[in-house]
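In full-length UniProt numbering, the protein residues as written are 1 to 288.
Shown next as structure tokens:
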């Protein structure tokens, strides 16, 4: 299959952060259901949500309360719900979620369900920031997922999560492993990194000859108020062109059809993979 219709959902938080994580989860899952139905009606074949989509971005805090937001993958309530919806709508669904793997061990995760509802696997966020407002090492263990690429009913997809996008090595690893579309669910606010939002990921799409789908949440989240999540969810093609983009403030389902034949066309034109010299790059991994 060469033509694939992608759906991306960006959304603001629907409750206060004073509620318990389970109540927030249920409210956010419920808020996504109409958009999932819209996606199905629009013929979306691959759907993705924002980073830790059914919770606030709680990392400005260092509050143990949020450990209770973690769920098991694929057996927790959110994954079970999304697995059923994937099968119902014949839709691949990427579920970015807070995961507990064993008691007290937590990851920033994206689970992938194929169009028949089967669980294909997961990606653990690799690069974990630890700076003011983004105390992620308190909540997430760094992943070692070995750059999985999921061979879905509608193409080969990879996932890279939020802060990962600043590291070019993972984009290249996913592309070399066969990814035609790479999804980057994020939670990023206006300020320091906003100008990079439309720079790094289109550049990575061009450098690796693949499509990139970047998803960001919207609004601000009290009591932390670290800034405005500016949405601007988009899809970039293998030339590095942004071909579809959502608003910067509103809940929105972005739908766009991509032609995977373009991956071969662009890679044949540029031949970046042929001209790589990995034997000269060992210094990149030999030391600090």
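Ideal placement from N, C-alpha and C gives every residue a C-beta, glycine not left out.
DSSP beta-bridge partners for residue i?
| i | result |
| --- | --- |
| residue 109 | 97 and 124 |
| residue 256 | 6 |
| residue 269 | Looking at the DSSP assignment, residue 269 forms no beta bridge with any residue, so it has no partner. |
| residue 48 | 8 and 94 |
| residue 182 | 158 and 212 |
| residue 71 | 99 |
| residue 134 | 131 |
| residue 151 | 156 |
| residue 119 | 113 |
| residue 62 | Beta-bridge pairing links residue 62 to no other residue. |
Quick one: what's got a C-beta closer than 8 Å to residue i's C-beta in the same chain, skipping five residues either side?
| i | result |
| --- | --- |
| residue 173 | 147 |
| residue 168 | 204 and 207 |
| residue 180 | 155, 156, 157, 210, 211, 260 and 263 |
| residue 194 | 188 and 230 |
Between residue i and residue j, is the Cβ-Cβ spacing less than 8 Å?
| i | j | result |
| --- | --- | --- |
| residue 109 | residue 164 | no |
| residue 245 | residue 230 | no |
| residue 97 | residue 113 | no |
| residue 153 | residue 48 | no |
| residue 107 | residue 124 | yes |
So, for residue i: in the same chain, excluding its five sequence neighbours on each side, which residues have a beta-carbon less than 7 Å away from its beta-carbon?
| i | result |
| --- | --- |
| residue 160 | 170, 171, 174, 182 and 184 |
| residue 221 | 13, 17, 56 and 57 |
| residue 31 | 11 and 14 |
Starting from residue i, follow the alpha helix (DSSP H) in both directions and report where the run begins and ends.
| i | result |
| --- | --- |
| residue 26 | 21-41 |
| residue 285 | 283-286 |
| residue 78 | 77-89 |
| residue 172 | 168-176 |
In chain order, what residues of the same chain have a beta carbon less than 6 Å from the beta carbon of residue i, not counting five sequence neighbours either side?
| i | result |
| --- | --- |
| residue 38 | 253 |
| residue 243 | 235 and 237 |
Q | Complete runs of the alpha helix (DSSP H) confined to the segment 188-243 [at least 4 residues] | A | List check, alpha helix (DSSP H) in window: 194-197 and 200-208.
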